[in-house]
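Trainee: In terms of this note's numbering, the sequence shown opens at residue 133 and continues consecutively. The beta carbon of each residue, even a glycine, is placed where N, CA and C say it ideally should be. Keep in mind it's a predicted model, so treat the numbers as computed, not measured. Following this message is one structure expressed as C-alpha cells.
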Amino acid sequence: MDGIKDEDSTKTAAQLKKDAKKLAKLEKFAKKQESKPKSKVEEKLKPKKEVKKLFTYDISTAEGEKKNTNEVFPDAYSPLYVESCWYSWWEKKGFFKPEYNKSAHQGRFVIVIPPPNVTGNLHLGHGLTNSIEDCITRWHRMNGRTALWVPGCDHAGIATQVVVERKLKKDLNISRHDLGRDKFIEKVWEWKNTKGDRIYHQMRKMGISVDWDRVSFTMDEKLSTAVKEAFVRLHDKKLIYRSNRLVNWSCALNSAISDIEVDKKDISGRTLLDVPGYNQKIEFGVLIHFMYSIEGS
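Take a look at the structure:
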C-alpha cells in the first residue's frame, strides 16, 4: 500500500508540473494575442482621425492678373496656395526684363542660364543651379541694377541626333541619310519644340526670373553664326587645325564622336558584343596571327 501511495504522489507532482507549464504557455499566448493588430472590424469601430484638408487657392483669377491676397491665409505653408497665379502676373508686368529697370544707375548684371539638354527632363541639379542663379539675379535687381537672365536649352549634339534617328527608324523606317541634311534638321526642330516646351514649363514652375522674350536654342541662326565665327577666329589663331589623329569613329552614325559619348568596356578574352548597326553580335578580344612562308627560304 505504501508503494502505491508513493507512486500516486509522484504522478500528482508530475501532473502539477505539467499543468504549470501549460498555464505558462496559455499566458504567453494571451500576451501574444494582445500585441497583435486588431481586426478591421474593431478598427472601424474606432473614431477616425480628422484628415486636414489641403489648402488651395480657388479664387477665380484671370491669367496675368494679380492674385487676391485679402482672403484668409492657410495655417500651415501650402505650396499650391502660395505659388498659384504669381508667375503669370510677374511676366505680364515685365518684372524680369532689363527694360523694367533701364534707368538704373547701379550698372548692369547679365548672365546666361547653363542650357539643359533638350534630350531629357530637369533634375535636382538643375533645381539647385537655377535657385542659386535666381537668388543672385534678384539680388542685383533689388540693388538697382539693370538685370537680365537669359533662358534657353541645348541641342545636345550626338545625343539628340541619335534620338531623332531612332524615331525616324521606328516611325518611317528611314535613316537621316535617306532624308537628307536639311529635312533631318527640320525633324530635329520638330522634336525640340515638343521636348523644349516641357523643359520651359518646368522652369516656370520653379519661378525663376528669366526673360522669356529672349529665350534661345543653341541651333538658332544667331547662335550658330556665333559658333562659326568662334571657330573661324580660333582657326586663324591656329588653335584649331587639321591633323591626322586617332578618333572615336561610329560605324552606325558614320561620324566621329567625343570621348564622353563612348561606352568603355574591359574584356578579358573572346567576347561577343552588340554593336549598333549590326544584326548579330560581333567578336572582340581576339588577336589573329597570320604566318606565310617566304619564297626561297
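How is residue 377 classed by DSSP in three states: helix, strand or coil?
Mentor: It is coil, neither helix nor strand.
Trainee: Three or more C-beta pairs closer than 8 Å, one from the segment 201–220 and one from the segment 248–264: is that the case here?
Mentor: No: fewer than three Cβ pairs fall under 8 Å.
Trainee: Out of 153, 409 and 250, point me to the one whose CA is closest to residue 326's CA.
Mentor: Cα-wise, what sits closest to residue 326 is 250.
Trainee: Could you pull the start and end residues of the alpha helix (DSSP H) that residue 387 belongs to?
Mentor: That residue, residue 387, is in no alpha helix (DSSP H); its beta strand (DSSP E) goes 387–389.
Trainee: Just curious, the beta strand (DSSP E) that residue 416 is in, first and last residue?
Mentor: That run of the beta strand (DSSP E) goes 414–416.
Trainee: Quick one: residues in its chain with C-beta nearer than 8 Å to the C-beta of residue 372, no 5 flanking neighbours on either side, listed in chain order?
Mentor: So the list reads 363 and 366, once near-sequence residues are dropped.
Trainee: For residue 140, does the three-state DSSP call read helix, strand or coil?
Mentor: Confidence at residue 140 is low in this model, with a pLDDT of 49, below 50, so its placement is unreliable and the value that follows should be read with caution. DSSP places residue 140 in helix when its eight states are reduced to three.
Trainee: Given a threshold of 16 other Cβ atoms within 10 Å of its Cβ, counted over all protein chains shown, does residue 394 qualify as buried or as exposed?
Mentor: Per the 10 Å Cβ criterion, exposed.
Trainee: Rounded to a whole number of angstroms, what is the C-alpha to C-alpha distance between residue 211 and residue 228?
Mentor: Going by the C-alpha atoms only, they are around 22 Å apart.
Trainee: Inspect the beta-carbon positions of residue 350 and residue 246 and report whether they are closer than 8 Å.
Mentor: No.
Trainee: Can you name the start and end residues of the beta strand (DSSP E) that residue 278 belongs to?
Mentor: Counting along the chain, the beta strand (DSSP E) containing residue 278 begins and ends at 278–282.
Trainee: Between which residues of its own chain and residue 193 is the CB-CB distance below 7 Å, once the five residues before and five after are set aside?
Mentor: Correct list, in chain order: 199, 200 and 217.
Trainee: Going along the chain, which residues of its own chain have a beta-carbon closer than 7 Å to the beta-carbon of residue 292, five neighbours each way excluded?
Mentor: So the qualifying residues of the chain are 250, 251 and 320.
Trainee: Work out the CA separation of residue 401 and residue 419 for me, nearest whole Å.
Mentor: Cα to Cα, the separation comes out at about 10 Å.
Trainee: Looking at C-alpha atoms only, which residue of 187, 396, 387 and 429 is the closest neighbour of residue 289?
Mentor: Measuring from the Cα of residue 289, the nearest candidate turns out to be 387.
Trainee: On a Cα-Cα basis, can you pick out the residue from 414, 397 and 343 that is closest to residue 279?
Mentor: If we check each option's Cα against that of residue 279, 343 comes out closest.
Trainee: Helix, strand or coil: which one does DSSP assign to residue 325?
Mentor: Reduced to three states, the DSSP call for residue 325 is helix.
Trainee: Determine the burial state of residue 328: buried for a count of at least 16 other Cβ atoms within 10 Å of its Cβ, exposed for fewer.
Mentor: Buried, by the Cβ-count rule.
Trainee: In the DSSP assignment, find the unbroken alpha helix (DSSP H) run with residue 363 in it and report its ends.
Mentor: Unbroken alpha helix (DSSP H) run through residue 363: 353–368.
Trainee: Can you name, in chain order, every residue of its own chain whose Cβ lies under 6 Å from the Cβ of residue 347, other than the five neighbours on each side?
Mentor: For residue 347, where only same-chain residues beyond five positions count, the Cβ hits under 6 Å are 283 and 284.
Trainee: According to DSSP, what are the bridge partners of residue 342?
Mentor: DSSP output for residue 342 lists no bridge partner at all.
Trainee: Can you check whether the C-beta of residue 326 is within less than 8 Å of a C-beta belonging to chain D?
Mentor: Of the protein chains in the structure, only one exists, and it is not chain D.
Trainee: Residue 241 to residue 277, Cα distance in whole Å?
Mentor: Near 7 Å, if we compare the C-alpha coordinates of residue 277 and residue 241.
Trainee: Assuming residue 242 is part of the beta strand (DSSP E), what are its boundary residues?
Mentor: Start and end: 240–244.
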